[in-house]
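> In order, the protein sequence lines correspond to chains A and B.
Residues 1 to 385, numbered by UniProt numbering, are exactly what the first sequence covers, in order.
Residues 1 to 385, numbered by UniProt numbering, are exactly what the second sequence covers, in order.
Note that the Cβ used here is the ideal one computed from N, Cα and C, for glycine as well.
There are 2 protein chains.
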Amino acid sequence: MPFSERASRLKGSLIREILAAAQRPEVMSFAGGLPAEAMLPVVDWTTMPVSMGQYGMSEGEPALREALAAEARALGVPCEASQVLVVSGSQQALDLAAKLYIDKGTQVMLEAPTYLAALQVFQFFGADCIVVPLEADGPDLDALRSQLQTHRPAFIYLIPTFQNPSGVCYSEAKREAVAALLDEFGVTLIEDEPYRELAFDGGTSRPIVSRLQRSSWIYTGTVSKTLLPGLRVGYLIASPDLFPHLLRLKQAADLHTNRVGQWQALQWLGTDRLKQHLEALRSYYRVRRDAFQAALQTHFFDLADWHVPEGGLFFWLTLKQPLDTRTLLDAALAVDVAFMPGEPFFPDPDAHKGHLRLNFSHVDPALLDEGLRRLADVVRSGQSL
Amino acid sequence: MPFSERASRLKGSLIREILAAAQRPEVMSFAGGLPAEAMLPVVDWTTMPVSMGQYGMSEGEPALREALAAEARALGVPCEASQVLVVSGSQQALDLAAKLYIDKGTQVMLEAPTYLAALQVFQFFGADCIVVPLEADGPDLDALRSQLQTHRPAFIYLIPTFQNPSGVCYSEAKREAVAALLDEFGVTLIEDEPYRELAFDGGTSRPIVSRLQRSSWIYTGTVSKTLLPGLRVGYLIASPDLFPHLLRLKQAADLHTNRVGQWQALQWLGTDRLKQHLEALRSYYRVRRDAFQAALQTHFFDLADWHVPEGGLFFWLTLKQPLDTRTLLDAALAVDVAFMPGEPFFPDPDAHKGHLRLNFSHVDPALLDEGLRRLADVVRSGQSL
């Protein structure tokens with residue numbers, strides 16, 4: 001068929017295939033990044049103006065852009081509302097960035113591991129992925145400098161706060177060092193922060209974009225992890241040199257983001273009830289995280305190593321005896337357990353076997369122990385083959 | 001800056017720039033394709049389940065896909081719900097198609113004139129646009145055959161029912177002839193139908209995709225012109241060979257379409273109250289269309305030729321003395337009138353001077369006469385320069 005050259009790189013999303021397989025109600029799923037159903041806030045639509053049904057501006061609702069800019073400034077990001085583009089979930093920010101930057105063979109720099117769906121869209125557009133290994137407190141700085149000395153990436157894509165999938169949160173020192181390196185080499189930063197508000201053990205450090213002196217940047221976030229993913233309301237904030245290009249790409253992609261979701265998001269942003277909701281959410285997830293850690297210690301102490309995540313939605317396990325965890329999926333689903341294999345989070349999956357990403361926010365704690373026991377059995381069986 | 005090669009073709013959307021310039025309340029705008037504010041239905045959200053706030057499936061809500069498939073079958077389009085992909089407004093269908101088909105230099109076939117934002121996204125991805133002139137009842141069939149004999153387009157993009165911008169509705173005979181030609185040459189059809197329900201003078205003919213025997217196809221529609229554009233809910237229905245590719249592209253673009261808009265659309269689809277709303281909408285627009293025609297006859301009889309559109313939202317004027325209507329924009333805005341120049345609706349704007357697209361659904365009829373009088377004066381002044 002006469003498809004485009006890039007269509008030959010069009011891969012399915014393993015995570016969405018697993019989620020589809022895990023639709024059966026009896027399946028205990030550690031696979032997705034879904035908020036807990038019980039913590040979805042009940043929202044009120046009765047005061048929404050009829051005019052929200054009309055076409056809107058590609059930039060997004062003016063009041064929402066103002067509110068998002070104010071929140072970002074409170075985090076130290078120097079910006080105005082004119083730099084805020086409301087997008088249809090933060091995945092769209094990655095799609096727009098890929099269109100703006102990536103031709104076949106364009107080098108982009110990524111953490112290893114990194115967010116699966118970012119990898120998917122960057123590779124689809126033809127990116128040559130240069131990676132920097134993650135350590136417990138952020139990227140390996142020597143590796144980062146070395147890669148920057150030998151490559152000229154179009155951008156570097158980082159998730160510094162409770163990274164997906166690793167759970168890593170960059171230290172203050174590494175944030176400073178990364179910003180200085182990017183300024184030194186003049187590399188554009190795309191900083192993705194869906195999990196900043198989900199901090200269980202204290203505060204978080206300022207975004208890296210707030211520390212840049214010279215480099216161009218795109219900062220992206222979403223209401224999906226704090227409010228309602230079903231609204232599909234995310235945003236990006238860009239340095240002024242990039243904004244006009246991203247706006248045009250947004251126009252061509254879907255004209256503008258749905259206004260009913262934008263209106264609903266605006267009802268919450270900056271309010272006391274959102275603060276209270278976030279406090280409740282953190283408490284709820286903290287309890288689940290701790291219960292998950294306890295169950296992991298029972299069932300995986302001899303099988304894997306891991307850090308306890310201080311935020312976000314995931315544990316990242318490293319098996320003591322590496323094996324291709326993709327080969328465990330069918331066996332896990334056969335005993336009604338879903339998980340996310342670690343390999344697809346690397347541009348070169350076959351070189352990084354033996355990780356599992358486990359979501360702790362979604363499974364009912366009453367089923368947790370049984371679910372992890374079954375998963376541990378599946379890993380043991382896989383290792384003895 | 002190290003942008004992609006395609007970014008060099010990233011143009012702004014003239015229509016959205018005009019809409020921005022026309023934000024001043026005193027401006028009478030004939031520019032956009034906005035539904036009349038007064039006809040936006042009041043919708044009820046009180047029974048929406050909280051679960052609509054959770055992540056959803058990339059394909060769209062199952063019940064909505066079933067309802068859309070049933071509607072399409074009623075139009076003669078042979079399809080199942082499994083072929084329906086809910087998208088974030090039908091503009092997104094064009095973005096997905098462009099990603100799937102278009103590399104730099106890929107030939108695509110279009111009507112001349114054609115929908116501005118389709119042209120924008122196809123050209124952005126690097127399309128080489130092959131055009132077929134439109135006549136009053138559809139494409140020039142000799143030209144279509146001749147183009148098909150000498151080119152191998154990745155697809156042909158058509159808007160057969162109340163075309164934007166020309167208002168043309170293909171005759172039954174031309175629909176049959178186009179389907180036969182596409183089957184003969186094995187060319188994929190993308191059929192875009194946002195205006196089908198806005199028929200003021202009787203019924204409409206079956207979609208062309210329903211007449212294809214062999215060619216692959218994508219049929220796309222939206223609730224934006226019938227219900228609420230602010231929901232950003234559109235859909236595409238694809239032949240089974242294309243669907244899996246489009247689904248993966250949708251996943252990578254924005255995960256899924258917002259669920260609150262999908263839920264609201266489902267409350268209306270196939271119901272009696274939608275039938276009543278559409279009947280009211282048609283009556284309302286018919287009155288506006290007729291008033292517009294009367295005012296045009298008063299002010300433009302010596303300046304332009306046009307057909308009275310039997311549906312859709314636009315009059316398409318051809319000036320008796322062609323001039324570049326883009327040069328009239330500033331003068332029109334200076335007297336608080338906005339319109340859409342015709343040139344950008346052609347891949348080669350400079351070769352098609354002297355058309356205006358005028359929307360008749362949005363301006364208050366009380367202001368219509370004054371607005372068109374001012375616009376006629378602007379055209380006269382432009383011609384005498």
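Going along the chain, which residues of the stretch 258-277 of chain A sit with their C-beta nearer than 8 Å to a C-beta in chain B?
Listed in sequence order: N258, R259, V260, G261 and Q264.
> Listed in chain order, which residues of the stretch 209-230 of chain A have Cβ atoms closer than 9 Å to some Cβ of chain B?
S216, S224, L227, L228, P229 and G230
> Could you check whether the Cβ of D103 of chain A sits closer than 8 Å to any Cβ belonging to chain B?
yes
> With respect to 7 Å, is the separation between the Cβ of G203 of chain B and the closest non-hydrogen atom of the ligand MN below this value?
Within the structure as shown, the ligand MN is missing, as the structure has no ligands at all.
> Name the DSSP bridge partner or partners of P133 of chain B?
B:A112
> What distance in whole Å lies between the Cβ atoms of D254 of chain A and G89 of chain B, which are believed to be in contact at a cut-off of 8 Å?
At roughly 5 Å, the Cβ-Cβ gap stays under 8 Å, so G89 of chain B and D254 of chain A are in contact.
> Pick helix, strand or coil for L100 of chain B, following the three-state DSSP scheme.
helix
> Would you check if the distance between the CB atom of G230 of chain B and the CB atom of Y170 of chain A is smaller than 8 Å?
no
> Of all the options B:E193, B:W268 and B:G138, which has the alpha carbon lying nearest to the alpha carbon of W45 of chain B?
B:W268
> Between the C-alpha atoms of A331 of chain A and H307 of chain A, what's the straight-line distance to the nearest angstrom?
Roughly 26 Å between the two C-alpha positions.
> If you draw a straight line from the alpha carbon of F122 of chain A to that of T114 of chain A, how long is it in whole angstroms?
12 Å
> Taking contact to mean at least 3 C-beta pairs separated by less than 8 Å, is the stretch 6-19 of chain B in contact with the stretch 300-319 of chain A?
Short answer: they don't touch.
> Comparing C-alpha positions only, which one of A:R374, A:A338, A:S381 and A:H352 sits nearest to S29 of chain A?
If we check each option's Cα against that of S29 of chain A, A:A338 comes out closest.
> Work out the CA separation of P133 of chain B and C79 of chain A for me, nearest whole Å.
48 Å
> So for E191 of chain B, helix, strand or coil by DSSP?
strand
> Tell me the rounded alpha-carbon separation between H277 of chain B and R196 of chain B.
15 Å
> Leaving out five residues before and five after A177 of chain B in sequence, what residues of the same chain have Cβ atoms less than 6 Å from its Cβ?
Cβ neighbours of A177 of chain B beyond the five flanking positions: L141.
> Three or more C-beta pairs closer than 8 Å, one from the stretch 357-365 of chain B and one from the stretch 287-298 of chain B: is that the case here?
yes
> Taking the Cβ atom as the reference point for each residue, do V260 of chain A and M48 of chain A lie within a distance shorter than 8 Å?
Cβ distance < 8 Å, so V260 of chain A and M48 of chain A count as in contact.
> Taking S234 of chain B as part of the alpha helix (DSSP H), name the residues at either end of that continuous run.
Position check: residue 234 of chain B holds Gly in this sequence, whereas Ser was assumed. If you look at G234 of chain B, you'll find it isn't in any alpha helix (DSSP H); it sits in the beta strand (DSSP E) that goes G234 to A238.
> Any residues in the stretch 240-258 of chain B with a beta carbon nearer than 9 Å to a beta carbon of chain A? Which ones, in chain order?
D241, L242, P244, H245, L247, R248, L249, Q251, A252, A253, D254, L255, H256, T257 and N258
> Between the alpha carbons of I159 of chain B and L34 of chain B, how many angstroms are there, rounded?
18 Å
> For W306 of chain A, which of helix, strand or coil comes out of DSSP?
coil
> Just the chain A side, please: which residues come within less than 7 Å of Q163 of chain B by C-beta, in chain order?
Those within 7 Å of Q163 of chain B in chain A number zero; the least Cβ separation is about 19 Å.
> Quick test of your reading: L68 of chain B and R206 of chain B, contact by CB under 8 Å. State the CB separation rounded to the nearest angstrom.
Actually they are not in contact, since the Cβ atoms of L68 of chain B and R206 of chain B sit about 17 Å apart, beyond 8 Å.
> Using a C-beta cutoff of 8 Å, does M52 of chain B count as contacting chain A?
yes
> Within 10 angstroms of the Cβ of residue 430 of chain B, are there 16 or more other Cβ atoms? Answer buried if so, exposed if not.
Here chain B has residues from 1 to 385 only, and residue 430 of chain B is not among them.
> Give the interface partners of E345 of chain A over in chain B, defined as CB-CB distance under 7 Å, in chain order.
This sequence places Phe at residue 345 of chain A; Glu is not what is there. None at all; the shortest Cβ gap to chain B is about 16 Å.
> Return helix, strand or coil for G126 of chain A, following the three-state DSSP convention.
coil
> Would you please verify whether the beta carbon of F3 of chain A is less than 8 Å from any beta carbon of chain B?
yes
> Pull up the DSSP beta-bridge partners for Q213 of chain A, would you.
BP columns for Q213 of chain A are empty, so no partner.
> What residues of chain A sit near G56 of chain B, judged by a beta carbon separation below 7 Å?
G230
> Starting from F243 of chain B and walking both ways along the alpha helix (DSSP H), at which residues does that stretch end?
F243 to D254
> For L198 of chain A, which residues in the same chain have their Cβ closer than 8 Å to its Cβ, ignoring the five residues on either side in sequence?
F162, K225, T226, L281, R282, Y285, G311, G312 and L313
> Give the DSSP-derived three-state secondary structure of W263 of chain B in the structure shown.
For W263 of chain B, the three-state secondary structure derived from DSSP is helix.
> For the beta strand (DSSP E) that V84 of chain B lies in, which residues bound it at each end?
V84 to V87
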